[in-house]
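The structure appears below as structure tokens.
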Ligand code: DAT
Ligand code: MG
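Spelled out as structure tokens, the structure:
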């Protein structure tokens, strides 16, 4: 067993579309534990820290604008290899090509919306998880 914690965000599109429960339900059904959870309206500063690795990329500003467009749900999730496991549950970044059975593949909209509207964020490594949990749950 390798019990880990990861940061999951239900992004503004997920909250606005009323999919928070459906997304959390998939996480719980997989056997992961919701350790902490809150509805937040993040500041630009929090988002800039969270997405620091993407600063300067063409999608960075639209991504921050989108993340500022409404409340998000931040969740501390624990489980055996949950970092990789949640990424697998979420599916690949682009909802159009995310596999059926994944959150993004099943629930992500792909008509006329940008790639950043992909419902969820999940940390991609133990280092990212520790860093991001510190940002959102400090
Ligand atoms: P992920 O969220 O799958 O970890 P990422 O860390 O590479 O993806 O990028 C962070 C977010 O930025 C992603 O969820 C959506 C947005 N994004 C990434 N690549 C993009 C692109 N080529 N065009 C528009 N938005 C993009
Ligand atoms: Mg990422």
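In UniProt numbering, the protein residues as written are 1 to 138.
For every residue, glycine included, the Cβ atom is placed at its ideal position computed from N, Cα and C.
Worksheet item: Any heavy atom of the ligand DAT closer than 7 Å to the CB of residue 86?
Response: The nearest non-hydrogen atom of the ligand DAT is 7 Å or more from the C-beta of residue 86.
Fill in: Beta-carbon separation (whole angstroms), residue 121 vs residue 19, contact threshold 8 Å
Here residue 121 is actually not in contact with residue 19; their C-beta atoms are around 14 Å apart, not less than 8 Å.
Practice prompt. Check whether the Cβ of residue 124 sits closer than 7 Å to any heavy atom of the ligand MG, and report yes or no.
Written response: yes
Worksheet item: Which first and last residues belong to the alpha helix (DSSP H) in which residue 14 is found?
Response: 12 to 16
Worksheet item: Between which two residues does the alpha helix (DSSP H) harbouring residue 46 extend?
Response: 44 to 50
Discussion item. Whole angstroms are fine: how far does the CA of residue 26 sit from the CA of residue 109?
Written reply: Residue 109 and residue 26 have their C-alpha atoms spaced approximately 18 Å apart.
Worksheet entry | Chain-order list of residues whose beta-carbon lies under 6 Å from that of residue 35 (same chain, five-residue window excluded) | Same-chain partners within the cutoff: 76, 78.
Worksheet entry | Inter-residue Cα distance where the pair is residue 62 and residue 43 | 15 Å
Fill in: Simplified DSSP state of residue 122, which is helix, strand or coil
Of the three classes helix, strand and coil, the one that applies to residue 122 here is strand, per DSSP.
Discussion item. Using DSSP's beta-bridge definition, name the partner residues of residue 19.
Written reply: The partner list for residue 19 (beta bridge, DSSP) is empty, contrary to what the question assumes.
Item to complete: For residue 111, count neighbouring Cβ atoms within 10 angstroms of its own Cβ and tell me buried if that reaches 16, exposed if not.
Response: exposed
Worksheet entry | Pair within 8 Å by beta-carbon distance, residue 50 and residue 135 | Yes, these two residues count as a Cβ contact at 8 Å.
Discussion item. To the nearest angstrom, how far is the alpha carbon of residue 101 from that of residue 114?
Written reply: For residue 101 and residue 114, the distance between alpha carbons rounds to 21 Å.
Worksheet item: Can you give the Cα-Cα distance for residue 106 and residue 95, rounded to whole angstroms?
Response: 8 Å
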